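First the structure, in the form of structure tokens, and then the observations on it.
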Amino acid sequence: MNLAAPTMLWLAAGFVPALVILYFLKLRRRPQEISSTLLWKRAIEDLQANAPFQKLRRNILLLLQLLILAGLIVALAQPESRDETSISGNHVILIDRSASMLARDSQGRSRLDRAKRDAIALVESLKESGLLSADGAEQAMVIAFDVSADVVSTFTSDKAALRRAIESIQPTHAPSGLDEAVKLARAHAPIKRIEDTRGGQPGAIETTLQVGVGTIHVFSDGALPDAPRVLTGVEDEVIYHRVGEDDPVNLAITALRADRGYEDPALLSLFVGLQSTAPSPREVDLEVRINGEMRAYSVPVTALSQSSESGEDARAPGSGSASIQIEYPESALVDVRLVGSALADDALAVDNRGWLVVPPARRLAVAMVTPGNPFLSDWLATLRFSRFEVLTPSEFEDAAADGSSSEFDVFLLDRTLPANGELPPGRYLTLGAVPALGAVVTGTSQSARFVDWSRSHPALRSVNIESVLIAESPIVEFDKDAGVTSIADTNVGPGILEIFAPEVRAIAVVFDPLKSTWPFDVSFPVFVASAINSLGNEAAAGALARQLRPGDVLNDRLPSGATETRITVPDTAGQPIGATTTLTPNADGRVVFGPIDRLGLYKVRWRGDMAAGDVPDGSRSARFFAANLLDTRESDIQPAPSLELAARTVRAEGGRAGVIRRYWPWFVLAALAVILLEWWVYNRKVHV
Amino acid sequence: MLPTPSIKRPASIEDLLDNDLIARVSQLDLASTKIFAGKLRGERRSKKRGESVEFADHRPYAIGDDTRHIDWNILARLDRLFLKLFLEEEDLSLHLVLDASLSSDCGEPNKFVFMQRVAMTLGYIGLVNFNRVAGSVFGGAPRSTDQRAATSEPDSAPLPRSVPSSIPLHAIRDLRGRRRVHDLARFLCSIEPAGDTDFRESAMRIVLSRRGRGVMVVLSDFLMKEGYQDGLRLLVGRGYDVFALQVLSPQEVEPPVRGDLRLTDIEDSATADVTISAPLLKRYRQVLHAYQEELRTFCAQREIALLCVQSNTPIETLVVEYLRRRGLLR
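Heads up: the protein sequence lines correspond to chains A and B, in order. Its first residue numbered 1, the first sequence is counted upward by one per residue in the numbering used here. Its first residue numbered 1001, the second sequence is counted upward by one per residue in the numbering used here.
Structure (structure tokens):
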């Protein structure tokens, strides 16, 4: 223990003699006439004759007052102690404001409130500058983070400002991510300049060195999926302040999908995935509203309990699912929510709802561009497309040039690519051709087999291509950052690529199926149909583009000529009736809004043409976007016991270990207690 | 202890002596542990052997004795001359001395009013039993509203010239018989407490002015800075049967004061700074007790009967029980 302001002890030199002098000053006495002072004088004489006892009795009050003074002066001197491990100086307070921080504890307080309270307590415990000296104060900065991070307060030692900053943090519905917050914090680290004097020129700045930012306090429940990527400075101390109670119960919608039937597009299939952290299975009712109409599809769903098969540590939330078939050919805004008594102790409410924007039932228009493949074209003609044409490569280039290519939802490019190598905006399934969009052919292999494929991809969901033998396959390298992923790998490299380019969406089979056994396998037509369907449905509805997650940026293209564009954000119930903002489309009709932080339906309205899937809204056109949490990690609200960072593991701190402990309030309390004691002693002396 | 806020001073005998009390004390008479000679023949045994019917003793005949008192039966049996001695009944002198210093004018009930009433009761008892009653009040002043009555008192003693006259002394003497009750009452009502006293000087003057022997009742609080010893010694020294009645107010026994005080003596304006605390009050009570004990010891050594009473004691209780028990009345 040491004193933050030892100079305050000099006050004792002034105050203690002053108190003693005051004590010897005469009391102002009330005059009182009495019959005779004879007996009183004798009584006083007797007491004064008893001098040592009398002195002691008088000195009890003086002693108590000296104790009070000592307590107050020591309190002013600000005694404190700090743990050995603590780092003085700068503190960075990272407060998680993600959706899981909205979880309420048994007292009904949200985790964010707890985190703010703990953070304010931390701020209060920071070392202040002494009363007489301005140096030595600790500084703190406050960053609120979800997937994005905002600096709420830069480094300051003003505790009131820090408190206000912490209080001002509002929760969002976005998932968590620590990486950006830590990067932001480190960007604020002071830069130490090192002067190089070797060259004999003092003052020449040779290099700058970023030193540690200080102590990073993470106030979070630990649901930080990107924690393993977080790199902190070597000098930085990370303290994980774990927020939230153990074993909370949360039921959540973690998956939500709507499909139209391939055979009967009017048949709408809703798939709802559920997650439960309850210790036992529960029956949950599901309430579905379509276009605001309460179409009561109340389906009991069993959300499984968390499985604890492999011991205590490997806990995982239970899951359940439901699928609902609805005959609904029109475009629909689907609102799904969990209801029922099973939600009585549900800690987190935001993940009990989900929204979907479902396009109207529609058959696809498909064009096959082929130098000649009657086998495939004849088969495709038998499928139930609204329109199917076979184009030659030159006809395709003509159509691309005059813009009529937009009449088709999906193009199947059979061993052909446009001569200039650029695909016009649209959706493509290529067979035996690799579009030059982030993928490069580096060679050819004579023999290949599929070794792995993404079984969850819509195009490959129900196929088995293990037995396909490929006679000749190009060896392809691709750039992940360019939006290219491999959905099926062969032993020589990627076999099927999925390409997300700005205007182009494509599934590319890199090898020529005719140079493999695949056409003779039942999986080939299933794959082609599924691929066209998945590309086409996305094209028709923009379904993927219109499903957002909090933290995403709403980014979509409106039909050209759209004016008076406005976006309406959801209210607390998720309906698009909240605040309205005017958007200005780019030259190509692109509008950008966000990052969005609330769950629910967003409505973009404009005056102008409608594209496929848009709905009329009065005299205007409207397009809806649904923002859903749908995050298993965020809905698993069990607070993590530790943070697994890239370079270290930080266990949760029980309290505020490693911070300064201040003792002055105890001395003030002691002084108050002695004042009470003095009062009591005084009264005991005066009263009979 | 504290000055009485508003004093209702007695104005007449009705204020001093009510009818119930008269009824209770009518059958009482004064008594004395010593027997003194009286001036007149009264209803009291005297040391003088006299001509009453009560036989006292025999003594040998001496020439000149009245032959009527020779006991003939003894002469017949022993052939010697003896005289029969009879007790002579005579009256008793009662001298009431009141302390009218300002300190007597304190307390609730007022100490001086209490003394006046006690004195009146005793004087009444004395008068109705044909005793001589005298009264002296030292200190005090003639009561402003009743000044004429006090100054016109016919039996007021002239101040002896040998004694400095700084201390006022009011006296009434030689009252005898039931009809002088009103004179005594008028005298007692005519004085109100004032100023300081010198008990020794007052006692000296009382002693010089009194005649004969008798019972003297001294009513005072005996809280005298100069000391009560000399005064009492003077009073008892002339062969008087002295009865001291110390009258204290209840407030002097249990002081009701609190806090930090500057106490001022009502008589000589001496001050004492006190912080009233439980130990100090305890100490005060000890001092008071010691003071009374000292007074009691002093009185016992000089055959002075002492009774300490508080001014809230009912007169009837005092007279009928306490004073009878102490032998002043019978």
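Every residue, glycine too, gets a C-beta built ideally from N, C-alpha and C. As the structure is a prediction and not an experimental result, all values here were calculated from the model.
Between the C-alpha atoms of residue i and residue j, what's the straight-line distance to the nearest angstrom?
i, j, result
"residue 1148(B)", "residue 1065(B)", "Legend: pLDDT at residue 1148(B) = 41, less than 50; position of this residue unreliable, no value from coordinates given."
"residue 615(A)", "residue 331(A)", "8 Å"
"residue 1014(B)", "residue 1301(B)", "39 Å"
"residue 526(A)", "residue 416(A)", "22 Å"
"residue 1110(B)", "residue 1003(B)", "8 Å"
"residue 282(A)", "residue 75(A)", "56 Å"
"residue 157(A)", "residue 163(A)", "11 Å"
"residue 393(A)", "residue 369(A)", "6 Å"
"residue 1194(B)", "residue 1244(B)", "21 Å"
"residue 366(A)", "residue 276(A)", "42 Å"
"residue 8(A)", "residue 666(A)", "17 Å"
"residue 33(A)", "residue 1266(B)", "6 Å"
"residue 123(A)", "residue 566(A)", "42 Å"
"residue 1025(B)", "residue 1121(B)", "8 Å"
"residue 1254(B)", "residue 14(A)", "44 Å"
"residue 708(A)", "residue 431(A)", "Here chain A has residues from 1 to 688 only, and residue 708(A) is not among them."
"residue 20(A)", "residue 64(A)", "12 Å"
"residue 1173(B)", "residue 1214(B)", "13 Å"
"residue 271(A)", "residue 496(A)", "27 Å"
"residue 464(A)", "residue 339(A)", "39 Å"
"residue 1330(B)", "residue 1324(B)", "6 Å"
Name the two residues that bound the continuous beta strand (DSSP E) containing residue i.
i, result
"residue 1106(B)", "Premise fails: residue 1106(B) is in no beta strand (DSSP E) and is neither H nor E."
"residue 1012(B)", "It is not in any beta strand (DSSP E) - residue 1012(B) carries neither H nor E in the DSSP assignment."
"residue 275(A)", "267-276"
"residue 285(A)", "282-290"
"residue 453(A)", "448-453"
Output yes if chain A places a C-beta closer than 8 Å to the C-beta of residue i; else output no.
i, result
"residue 1223(B)", "yes"
"residue 1311(B)", "no"
"residue 1284(B)", "yes"
"residue 1107(B)", "yes"
"residue 1266(B)", "yes"
"residue 1298(B)", "no"
Between which two residues does the alpha helix (DSSP H) holding residue i run?
i, result
"residue 1229(B)", "1229-1237"
"residue 166(A)", "159-167"
"residue 1250(B)", "1250-1253"
"residue 374(A)", "374-381"
"residue 632(A)", "632-635"
"residue 1289(B)", "1278-1301"
"residue 1186(B)", "1181-1189"
"residue 402(A)", "393-402"
"residue 628(A)", "From DSSP, residue 628(A) is part of no alpha helix (DSSP H); its letter is neither H nor E."
"residue 1072(B)", "1072-1078"
"residue 1022(B)", "1019-1025"
With a threshold of 6 Å on Cβ separation, who are the neighbours of residue i within its own chain once the five nearest residues in sequence on each side are excluded?
i, result
"residue 423(A)", "435, 504"
"residue 245(A)", "105"
"residue 408(A)", "365, 367"
"residue 1328(B)", "1243"
"residue 1028(B)", "1125, 1329"
Please list, in chain order, all residues of the same chain as residue i whose beta carbon is under 7 Å from its beta carbon, the five residues on each side excluded.
i, result
"residue 3(A)", "77, 78, 79"
Under 8 Å between C-beta atoms, does residue i make it to chain C?
i, result
"residue 32(A)", "Protein chains in the displayed structure are A and B, and chain C is not among them."
Round the Cβ separation of residue i and residue j to the nearest angstrom and send it over; I've been treating them as touching at under 8 Å.
i, j, result
"residue 1246(B)", "residue 1295(B)", "7 Å"
"residue 171(A)", "residue 61(A)", "Actually they do not touch by this definition, with Cβ atoms about 56 Å apart."
"residue 334(A)", "residue 350(A)", "Rounded, the Cβ-Cβ distance is 18 Å, inconsistent with contact."
"residue 1190(B)", "residue 1169(B)", "Not really, about 13 Å apart at Cβ, beyond 8 Å."
"residue 1010(B)", "residue 1116(B)", "6 Å"
State yes or no: is the beta carbon of residue i nearer than 8 Å to at least one beta carbon in chain B?
i, result
"residue 44(A)", "yes"
"residue 125(A)", "no"
"residue 38(A)", "yes"
"residue 157(A)", "no"
"residue 29(A)", "yes"
"residue 116(A)", "no"
Using 7 Å as the cut-off, classify the Cβ of residue i as near or not near the heavy atoms of the ligand NAD, replying yes or no.
i, result
"residue 1215(B)", "For the ligand NAD, the structure offers nothing, since it holds no ligand at all."
Quick one: residues in its chain with C-beta nearer than 8 Å to the C-beta of residue i, no 5 flanking neighbours on either side, listed in chain order?
i, result
"residue 265(A)", "329, 361, 362, 363"
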